[in-house]
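Protein chains in written order, with my numbering: chain A, 1 to 246; chain B, 1001 to 1243.
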Amino acid sequence: MIENSIIINSLSFSYGKNLTLDDINLEIKKGCIQGIIGSNGTGKSTLINILVGRLKPSKGSVHILGSSPEVKLLKNIGFMPQKNSIYENLNVYENIDFFARMQGLSNKNHRKITVKKIIDTVHLKNMSKEIVYKLSGGMKQRVSLAIALVHQPKILIFDEPTVGLDPELRRTFWNNFKNLSSKGTTIIITTHTMDDAIHCDKLAYMKSGKILINQPPEKFLDTNKNIYSLEDAFIKLSVGKSNEVS
Amino acid sequence: MKLVDRIIGITSIIIRQLLRDHRSVALIFLAPIVVMSLIGFSFQDQPIILNRTAPAIIATMCLVFVFMLTGVSFLRERLSGTLDRVLVTSTSKIELVFGYLIGFLIFALIQSTIILFFTIYVVGVDYTGKITDAFIILIVLTITSVSLGIFVSTFAKNEFQVIQFIPILISPQIFLSGIFIPVEQLPWYFRPISNIIPLTYANKSLRNIMAGYKIEDVISELGILILFAGILLILAILSVRRN
């Protein structure tokens, strides 16, 4: 039996009177790469913030690995925010080592091995002593990815992780994601990029705070309706023709 | 064990980041010496005024510099997103604030040591008390100042706004805590305000310690200062929010 890593039931969230998430229902299976797409301001980041415990639902419930998002659960979650959010004055190794420590890897020797391994994984071996502010945008994103991965979480949550990456680096990121997913890590990715969306096992399309469709990316395509690519599907959905796609 | 390790981790990145900013480190240690030199050598021929003012200046500089350092550093953490990112790890708010506190405490104590020795041995202010007693006062004042800096950074959107809090929160303390005019000689309408500001108690106790009193002689002032530190520490922890 494949277990669900995340179960979201009738979730709503309001900023004051502004309803940002409206009756979201979503079940994400263990090892699944779940994409979330939608135009700006549709509530993708709000949903992510609820999953990582930064916001509390106004209504409904979220269960991650069987419990509500709270501090003790965060050791099972790796989060890569939209902004890199790393210490610019520290070097690559120090950044990753610090966040590993914050995730409870208190044994110095074990942490050293783990950090070096993750630096290898994101191909930053020769840059580990470089101060972050001297790195390129893509390299900073690799540091940010390494921070999300360092404690080997069961769930990874990425808020637009590949924005600004060149195609080669994007491929490296996706190879990492698919490798982790094959080992049972559940991955949630919000994205605007259809090149990313196509890699997901399932794709939820959000509009006005609702999930309108959640299905494998290939099901969004329909040559009979002139939907040849995910971009076509996204544009049709954005202008309000969801019935044409689903 | 993990709690202690996380606190040490936060403390070490605070120190490491500050040490990499060589200019700031130089200013942190040189600026108070410049101020103390100006005051010390201006009142060289008036030892009574100098002996009265110098302890208060030491306490004030500890308050101002630590407040600025903490306020700006914490705000940077908020703006760069690193604070949010730390808070989505299993680190608690208490660990975060204590990590900060210890990091800045180390800097403040080094700074205070330099000022204290400079004041005694270069400026020539009379000191007959125990140095360790003076440090107890300065440690409590630093906790007050770090907590105030963290708390205030919640209400600022940029570094400029943190600096704007100095005239609002720090200047009244400087004028009303008895540095220039003894609290008893202030106009009656200012005296109640003097009684509710931490620097009044820090100045009074540090002045007495430097004049040869023991720590038990200033226990009531120290107690009130500890109360301020405790309240502000709680406010600082509460002001750090995951959401």
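Cβ coordinates follow ideal geometry from the N, Cα and C atoms, glycine included. Just so it is clear, the structure is predicted and the values come from calculations on it, not from any experiment.
Which bits of chain A does residue i rub up against, with CB to CB less than 8 Å?
i                : result
I1013 of chain B : Y87, L90, E94 and F98
M1068 of chain B : Result: empty, since nearest Cβ-Cβ is about 18 Å, beyond 8 Å.
Q1017 of chain B : Y87, N89 and L90
G1212 of chain B : Ordered by position in chain A, no residue passes the 8 Å Cβ test against G1212 of chain B, which lies about 44 Å from the chain.
G1124 of chain B : Near G1124 of chain B there are no residues of chain A at all, since even the closest Cβ is about 39 Å away, more than 8 Å.
G1009 of chain B : F98, R101 and M102
If you draw a straight line from the C-alpha of residue i to the C-alpha of residue j, how long is it?
i                : j                : result
V1240 of chain B : L1087 of chain B : 9 Å
G1230 of chain B : F234 of chain A  : 54 Å
Q1185 of chain B : I1179 of chain B : 12 Å
D232 of chain A  : N226 of chain A  : 8 Å
L1083 of chain B : D1217 of chain B : 42 Å
R1006 of chain B : Q1046 of chain B : 50 Å
L1169 of chain B : E1159 of chain B : 16 Å
I1219 of chain B : L1199 of chain B : 15 Å
M102 of chain A  : G60 of chain A   : 30 Å
N49 of chain A   : Q34 of chain A   : 16 Å
A1236 of chain B : G1071 of chain B : 11 Å
P1167 of chain B : M1036 of chain B : 21 Å
L135 of chain A  : N126 of chain A  : 12 Å
M80 of chain A   : S5 of chain A    : 18 Å
P153 of chain A  : T1060 of chain B : 47 Å
I1102 of chain B : Q82 of chain A   : 31 Å
I1048 of chain B : N1203 of chain B : 16 Å
V1064 of chain B : M1210 of chain B : 21 Å
K140 of chain A  : W174 of chain A  : 17 Å
C1062 of chain B : T1119 of chain B : 14 Å
K236 of chain A  : L65 of chain A   : 35 Å
Y1213 of chain B : P1192 of chain B : 26 Å
V1125 of chain B : A1054 of chain B : 7 Å
S1145 of chain B : G41 of chain A   : 40 Å
State the start and end residues of the unbroken beta strand (DSSP E) segment that holds residue i.
i                : result
H110 of chain A  : Per DSSP, H110 of chain A belongs to no beta strand (DSSP E); it is in the alpha helix (DSSP H), K108 to T121.
T20 of chain A   : N18 to K29
N4 of chain A    : N4 to Y15
S128 of chain A  : Unbroken run through S128 of chain A: none, as it is neither H nor E.
T191 of chain A  : T186 to T191
Q34 of chain A   : I33 to I37
D159 of chain A  : I155 to D159
M1001 of chain B : From DSSP, M1001 of chain B is part of no beta strand (DSSP E); its letter is neither H nor E.
Output, in chain order, the set of chain B residues within a Cβ distance shorter than 7 Å of residue i.
i              : result
V71 of chain A : S1090 and S1092
Buried or exposed: residue i, going by 16 or more other Cβ atoms within 10 Å of its Cβ?
i                : result
V239 of chain A  : exposed
D159 of chain A  : buried
V1122 of chain B : exposed
Y133 of chain A  : exposed
Y1189 of chain B : exposed
H151 of chain A  : buried
K1026 of chain B : In the sequence as displayed, the identity of residue 1026 of chain B is Ala instead of Lys. Exposed is the call here.
H199 of chain A  : buried
R1020 of chain B : exposed
G164 of chain A  : exposed
F1104 of chain B : buried
S1042 of chain B : exposed
L1030 of chain B : exposed
Counting only Cβ pairs nearer than 7 Å, list the residues of chain A close to residue i.
i                : result
R1006 of chain B : R101 and M102
G1071 of chain B : What G1071 of chain B touches in chain A: nothing, since even the nearest Cβ is about 18 Å away.
R1020 of chain B : N89
For residue i, return the contacting residues in chain B, with the cut-off set at a CB-CB distance below 9 Å.
i              : result
P81 of chain A : G1081, D1084, R1085 and V1088
K59 of chain A : Chain B residues near K59 of chain A: none, gap ~16 Å exceeds 9 Å.
K75 of chain A : T1089 and S1090
Return the first residue and the last residue of the alpha helix (DSSP H) that residue i is part of.
i                : result
A197 of chain A  : M194 to A197
I211 of chain A  : Counting along the chain, I211 of chain A falls outside any alpha helix (DSSP H), though it belongs to the beta strand (DSSP E) covering K210 to Q215.
L1206 of chain B : P1198 to M1210
K236 of chain A  : L230 to S238
M139 of chain A  : G137 to L149
Can you name the residues of chain A whose CB is closer than 9 Å to the CB of residue i?
i                : result
M1001 of chain B : S106
Taking 7 Å as the cut-off, is the CB of residue i close to at least one heavy atom of the ligand ATP?
i                : result
V1072 of chain B : With respect to the ligand ATP, the structure offers nothing, as it holds no ligand at all.
Complete beta strand (DSSP E) runs within the region 51-101 of chain A (minimum length 3 residues, chain order): 59-64 and 77-80
Complete alpha helix (DSSP H) runs within the region 1057-1129 of chain B (minimum length 4 residues, chain order): 1082-1087 and 1093-1117
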